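Remarks on the structure that follows.
There are 2 protein chains.
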Amino acid sequence: MKSKLNIVKIGGNIINDEGALTSFLKDFSALKGYKILVHGGGKKATELASLMGLKPKMINGRRITDAANLDVVTMVYAGLLNKKITAQLQKNNCNAMGLSGVDANCILAHKRTVKDIDYGFAGDVDEVNSEFINVLLQNNVTPVFCAITHDKNGQLLNTNADTIASEIAVAMSKLFNVRLNYIFELKGVLESIEDKNSVIKHINLEKYKQLIKEGVISEGMLPKLHNCFNALEKGVQKVKMGDASLVKNESNLYTTLSL
Amino acid sequence: MKSKLNIVKIGGNIINDEGALTSFLKDFSALKGYKILVHGGGKKATELASLMGLKPKMINGRRITDAANLDVVTMVYAGLLNKKITAQLQKNNCNAMGLSGVDANCILAHKRTVKDIDYGFAGDVDEVNSEFINVLLQNNVTPVFCAITHDKNGQLLNTNADTIASEIAVAMSKLFNVRLNYIFELKGVLESIEDKNSVIKHINLEKYKQLIKEGVISEGMLPKLHNCFNALEKGVQKVKMGDASLVKNESNLYTTLSL
Chain A
236 MKSKLNIVKI GGNIINDEGA LTSFLKDFSA LKGYKILVHG GGKKATELAS
286 LMGLKPKMIN GRRITDAANL DVVTMVYAGL LNKKITAQLQ KNNCNAMGLS
336 GVDANCILAH KRTVKDIDYG FAGDVDEVNS EFINVLLQNN VTPVFCAITH
386 DKNGQLLNTN ADTIASEIAV AMSKLFNVRL NYIFELKGVL ESIEDKNSVI
436 KHINLEKYKQ LIKEGVISEG MLPKLHNCFN ALEKGVQKVK MGDASLVKNE
486 SNLYTTLSL
Chain B
236 MKSKLNIVKI GGNIINDEGA LTSFLKDFSA LKGYKILVHG GGKKATELAS
286 LMGLKPKMIN GRRITDAANL DVVTMVYAGL LNKKITAQLQ KNNCNAMGLS
336 GVDANCILAH KRTVKDIDYG FAGDVDEVNS EFINVLLQNN VTPVFCAITH
386 DKNGQLLNTN ADTIASEIAV AMSKLFNVRL NYIFELKGVL ESIEDKNSVI
436 KHINLEKYKQ LIKEGVISEG MLPKLHNCFN ALEKGVQKVK MGDASLVKNE
486 SNLYTTLSL
């Protein structure tokens, strides 16, 4: 039987709040068994870019990563945030190792193909080095991934952290029973956006299709859920979505997704 | 018999020159056998600090690392430089992995004790995790260390890159025949500072003491050599000092140090 592997993804709502981050990292450290953390960015990169006199480049509401902004996210995600998070986990006796996709070629990507919009140095994932990530896990290491990847041709690429988590989860599901945990600002997928406690506790593929038909799922949630069901179809065992209490054993308000 | 391990340290003179860095990384990638790269900082951190409106803090000519400057060096050394170097090595088919001392607790340090001067978040090395670094080497990984360490209590620390190289070399010499290579702006230790080609090809402990007595060794070179002989006395097999051509097989103008 395969061992269990927990993959937890956190984003800006935790990273931007020092107290919330410290508290989450304690709970994450206490999780037993194999685990991987994936973190997104947060407001620090925007702040640094602004200090450096860079203006955010947007096309049709989408952020464009030019060379100067790529340097900023590499500094903030792979440098400051990744190492601060890793240092705190080490303090909590979790043997964390900060990683980007370039390190030991863990995540290979390619620059997003230009169709209508040139997103600049945005990377779409091609391959995750599950074999080497497993070597780390077997050596009692907890990988901590930021969302920077590379193209094996010397180019770093800015990649969506949700996608990184999902791609790692799919790749590792060859070797482990993978549980993918998305932590975000809500307690889960909501029945009604007005009621923050109206969490739908379980969604399977059939219910997912039904909820879409009924128009229950909000615009912002659709790509997340699409991503999750894609991961489940490719071998991930279970997906949970909720707020930071999700990593605590006592929490029971979150959404579980399965096929 | 122990296997050979090459540890190469590069500093600002290469890092600040894109062409020199690209060329060096090609030569480094071509080096056969086990190897580790250690890199220093360069002018980028000073540039970023200045862009952010931070003034360099100096006491008695020594740079002080306050919290804001620690963030800057963490971003530049552990983020931008470390990942750019690693991406170039990956392009050259060298399976590099960027690391700081915090990652998998590779280099444990403590905040430098305040005597006359409070250096701020400057770290002095306590222990190198040679066992785990060996796991990486045995898995065909080439570690690339920046000079950021931690204290296992959540604090990142700025550490001298020459010292990092030397401490890793000493720790790894339990497992390998270690050759430590310091690459800097000169072709080696010079007989006369005016003649850049007056390289002293070999210095043993006896000659070292004699050169000090004769006042041949320049002020700036003394701590470097002291550091090197210290490493040799603690088990490192050989130290070479010279410019970037040192990593090319055909180079023969450099200084070799041995006991």
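Chain order of the listed sequences is A and B.
So the first sequence is residues 236 to 494, counted in the numbering used here.
So the second sequence is residues 236 to 494, counted in the numbering used here.
Every residue gets a Cβ at the ideal spot worked out from N, C-alpha and C, and that includes glycine.
Since this is a predicted model, take the numbers as computed values, not measurements.
1. What distance in whole Å lies between the Cβ atoms of B/Ile438 and B/Thr384, which are believed to be in contact at a cut-off of 8 Å?
2. Mind listing which residues of the region 314-328 of chain B have their C-beta closer than 8 Å to chain A's C-betas, in chain order?
3. Any beta-carbon of chain B closer than 9 Å to the one on A/Tyr269?
4. Excluding sequence positions up to five away, which residues of its chain have a Cβ less than 6 Å from the Cβ of A/Gly477?
5. Which residues in the same chain as A/Ser427 place their Cβ atom closer than 7 Å to its Cβ, once the five residues preceding and following it in sequence are excluded?
6. Counting only Cβ-Cβ distances shorter than 8 Å, please list the residues of the region 388-412 of chain A near chain B, keeping chain order.
7. Determine the burial state of B/Val349: buried for a count of at least 16 other Cβ atoms within 10 Å of its Cβ, exposed for fewer.
8. Taking A/Asp430 as the query, report the chain B residues whose CB atoms sit under 9 Å from its CB, ordered along the chain.
9. So the candidates are B/Leu425, B/Asn369, B/Ser365 and B/Arg347; which of them puts its Cα closest to the Cα of B/Asp301?
10. Any C-beta of chain A sitting closer than 9 Å to the C-beta of B/Asp359?
11. Answer yes if the region 354-370 of chain B comes into contact with the region 394-407 of chain B, meaning at least three C-beta pairs across the two stretches below 8 Å, and no otherwise.
12. For A/Lys363, name the three-state secondary structure that DSSP assigns.
13. Check A/Ser480 in the structure and name its three-state DSSP category.
14. Check the DSSP bridge columns for A/His461 and list the partner residues they point to.
15. How many angstroms separate the CA atom of A/Lys279 from the CA atom of B/Met236?
16. Give the single residue among B/Leu240, B/Ala255 and B/Asn241 whose Cα lies nearest to the Cα of B/Glu420.
17. Go ahead and pull the three-state DSSP assignment for B/Ser264.
18. I'd like the span of the alpha helix (DSSP H) that includes B/Ser401, first residue to last.
19. What are the residues in the region 334-366 of chain A lying within 8 Å of chain B by C-beta distance?
20. Taking 9 Å as the CB-CB limit, is B/Leu256 close to chain A?
21. So, helix, strand or coil for A/Asn393, using DSSP?
22. Using a 10 Å radius around the Cβ and a threshold of 16 neighbouring Cβ atoms, would you call B/Asp353 buried or exposed?
23. Check B/Tyr312 in the structure and name its three-state DSSP category.
24. For B/Gln445, count neighbouring C-beta atoms within 10 Å of its own C-beta (all shown protein chains included) and say buried if the count is 16 or more, exposed if not.
25. Output yes or no for whether 9 Å exceeds the beta carbon distance between A/Gly275 and A/Ala396.
26. Counting only C-beta atoms, is B/His274 closer than 9 Å to chain A at any point?
27. Would you mind listing the beta strand (DSSP E) stretches within the region 297-347 of chain A that are 3+ residues and don't spill past its ends, in chain order?
28. Residues of chain B with CB under 9 Å from A/Leu286, in chain order?
29. Any Cβ of chain B within less than 9 Å of the Cβ of A/Thr490?
30. Any idea which residues DSSP pairs A/Pro378 with across the strands?
31. Can you give me the Cβ contacts of B/Lys318 inside the same chain, cut-off strictly under 8 Å, excluding the 5 residues immediately before and after it?
32. Could you check whether B/Leu372 and B/Tyr269 sit closer than 9 Å to each other, using their CB atoms as the reference points?
33. By Cβ distance below 6 Å, which residues in the same chain neighbour B/Ser486 in space, the five residues on each side in sequence not counted?
34. Compute the distance between the beta-carbons of A/Ile403 and A/Ile245, then report whether it is under 9 Å.
35. Would DSSP call B/Lys292 helix, strand or coil?
36. So with CB distances below 7 Å, who are the chain A contacts of B/Thr300?
Considering the structure as presented:
1. At roughly 29 Å, the Cβ-Cβ gap does not stay under 8 Å, so B/Thr384 and B/Ile438 are not in contact.
2. Within the region 314-328 of chain B, the residues whose Cβ lies closer than 8 Å to any Cβ of chain A are, in chain order, Gly314, Leu315, Asn317, Lys318, Lys319, Thr321, Ala322, Gln323, Gln325 and Lys326.
3. In terms of beta-carbon proximity, A/Tyr269 stays away from the interface with chain B, with every pair separated by 9 Å or more.
4. These residues qualify, in order along the chain: Lys422, Gly423 and Tyr489.
5. Counting only Cβ-Cβ distances below 7 Å, and skipping sequence neighbours, we find Ser433.
6. For the region 388-412 of chain A, which is checked against every Cβ of chain B, the residues closer than 8 Å are Asn388, Gly389, Gln390 and Leu391.
7. With fewer than 16 Cβ atoms within 10 Å of its Cβ, B/Val349 is classed as exposed.
8. For A/Asp430, none of the residues of chain B pass the 9 Å Cβ criterion, the least Cβ distance being about 38 Å.
9. Checking every option, the nearest Cα to that of B/Asp301 belongs to B/Arg347.
10. At a cut-off of 9 Å between C-beta atoms, B/Asp359 does not count as an interface residue with respect to chain A.
11. The region 394-407 of chain B and the region 354-370 of chain B touch, with no fewer than 3 CB-CB distances between them shorter than 8 Å.
12. First, the amino acid is wrong: residue 363 of chain A is Val here, not Lys. The answer is strand: DSSP assigns A/Val363 an E or B state.
13. Looking at A/Ser480 - three-state DSSP - the assignment turns out to be helix.
14. Note: A/His461 sits in no beta bridge, so no partner.
15. A/Lys279 and B/Met236: Cα-Cα distance of roughly 50 Å.
16. Nearest Cα to B/Glu420 within the set B/Leu240, B/Ala255 and B/Asn241: B/Ala255.
17. In the three-state scheme derived from DSSP, where H, G and I count as helix and E and B as strand, B/Ser264 is classed as helix.
18. Element bounds for B/Ser401: Ala396 to Met407.
19. Taking 8 Å as the cut-off between beta carbons, the residues of the region 334-366 of chain A near chain B are Leu334, Ser335, Val337, Asp338, Ala339 and Asn340, in sequence order.
20. Look at B/Leu256: its C-beta is not under 9 Å from any C-beta on chain A.
21. It is a strand residue.
22. Exposed is the label assigned to B/Asp353, since fewer than 16 other Cβ atoms lie within 10 Å of its Cβ.
23. B/Tyr312 falls in the helix class under three-state DSSP.
24. Exposed, since its Cβ has fewer than 16 Cβ neighbours within 10 Å.
25. Between A/Gly275 and A/Ala396, the C-beta spacing is below 9 Å.
26. The C-beta of B/His274 comes no closer than 9 Å to any C-beta of chain A.
27. With a minimum length of 3 residues, the continuous beta strand (DSSP E) runs that stay inside the region 297-347 of chain A are 297-299, 331-334 and 342-346.
28. Under the 9 Å cutoff, chain B gives Leu286, Met287 and Gly288.
29. Chain B, which has no Cβ nearer than 9 Å to the Cβ of A/Thr490, makes this no.
30. Its beta-bridge partners are A/Met332.
31. Taking B/Lys318 as the centre and dropping the five residues before and after it, the same chain places the C-beta of Gly333 closer than 8 Å to its C-beta, in chain order.
32. Result yes, Cβ atoms of B/Tyr269 and B/Leu372 sit closer than 9 Å.
33. Correct list, in chain order: Ser480.
34. The answer is no: Cβ separation not under 9 Å.
35. Residue state, collapsed to three classes: strand.
36. What B/Thr300 touches in chain A: nothing, since even the nearest Cβ is about 14 Å away.
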